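*Asks:* So that you can map any letter, position 83 of the sequence shown is 82 in numbering that gives the first Met the number 0, and since no number is skipped, the others follow by simple counting.
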Amino acid sequence: MNERLEQCVKQNKWEIEKLEKSVAEYKKNLAEELRKAADRIEKAEAALYQPEMSSINSYIELIENAQTDLIAAYQHRTTLKYIFGK
Numbered sequence: 000m001n002e003r004l005e006q007c008v009k010q011n012k013w014e015i016e017k018l019e020k021s022v023a024e025y026k027k028n029l030a031e032e033l034r035k036a037a038d039r040i041e042k043a044e045a046a047l048y049q050p051e052m053s054s055i056n057s058y059i060e061l062i063e064n065a066q067t068d069l070i071a072a073y074q075h076r077t078t079l080k081y082i083f084g085k
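Take a look at the structure:
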C-alpha cells in the first residue's frame with residue numbers, strides 16, 4: 000500500500016510540475032501578445048499624425064494586427080482562467 004501511495008505522490012508531483020510549466024508559458028505568451036499589441040497601437044497612433052494616405056493604410060493594418068494580438072492574448076488569459084478555475 001505504501002508503494003502505491005508513493006507512486007501516486009510522484010505522479011501528482013509530475014502533474015503539478017507540468018501544470019506549473021504550462022502556466023508559466025501561458026503567462027509569458029500573454030505578456031508577449033500584450034506587448035506586441037501595445038507596440039502596434041503606438042505605431043498606429045504615430046501613423047495617424049502623418050498626412051500621407053499610405054500612413055492611413057499603415058494605421059489600419061497596424062490596428063488590425065494589434066486586434067489579432069489582443070485576441071491571442073485573450074485566448075491565453077482564458078486558458079489561464081480555466082486552469083485556475085476562475
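Every residue gets a Cβ at the ideal spot worked out from N, C-alpha and C, and that includes glycine.
In this text, all values refer to a predicted model and were calculated from it rather than measured experimentally.
Taking 8 Å as the cut-off, decide whether the C-beta atoms of A43 and A65 are in contact.
*Replies:* By 1-based counting over the sequence shown, the position of residue 43 is 44. By 1-based counting over the sequence shown, the position of residue 65 is 66. Yes, the Cβ-Cβ distance between A43 and A65 is below 8 Å.
*Asks:* Output yes or no for whether 8 Å exceeds the beta carbon distance between A30 and D68.
*Replies:* For this step, residue 30 is matched to residue 31 along the sequence shown. For this step, residue 68 is matched to residue 69 along the sequence shown. In this structure, D68 does not lie closer than 8 Å to A30 by Cβ.
*Asks:* Tell me the rounded alpha-carbon separation between Q74 and S57.
*Replies:* In the sequence shown, residue 74 corresponds to position 75, counting from 1. In the sequence shown, residue 57 corresponds to position 58, counting from 1. Looking at the two C-alpha atoms, the distance is approximately 26 Å.
*Asks:* Can you tell me where the alpha helix (DSSP H) holding Q10 begins and where it ends?
*Replies:* In the sequence shown, residue 10 corresponds to position 11, counting from 1. Where Q10 is concerned, the enclosing alpha helix (DSSP H) stretches over N1 to L47.
*Asks:* Between K26 and L79, which are expected to be in contact by the criterion C-beta below 8 Å, what is the C-beta distance as a whole number of angstroms?
*Replies:* What you label residue 26 is simply residue 27 of the sequence shown in a count that begins at 1. What you label residue 79 is simply residue 80 of the sequence shown in a count that begins at 1. At roughly 7 Å, the Cβ-Cβ gap stays under 8 Å, so K26 and L79 are in contact.
*Asks:* Suppose contacts are defined by Cβ-Cβ distances below 8 Å. Is A72 in contact with E41 by that definition?
*Replies:* As a first step, residue 72 is located in the sequence shown; it is residue number 73 there, counting from the start. As a first step, residue 41 is located in the sequence shown; it is residue number 42 there, counting from the start. Not closer than 8 Å, so no.
*Asks:* So, with DSSP's three-state summary, where would you put E51?
*Replies:* As a first step, residue 51 is located in the sequence shown; it is residue number 52 there, counting from the start. E51 falls in the coil class under three-state DSSP.
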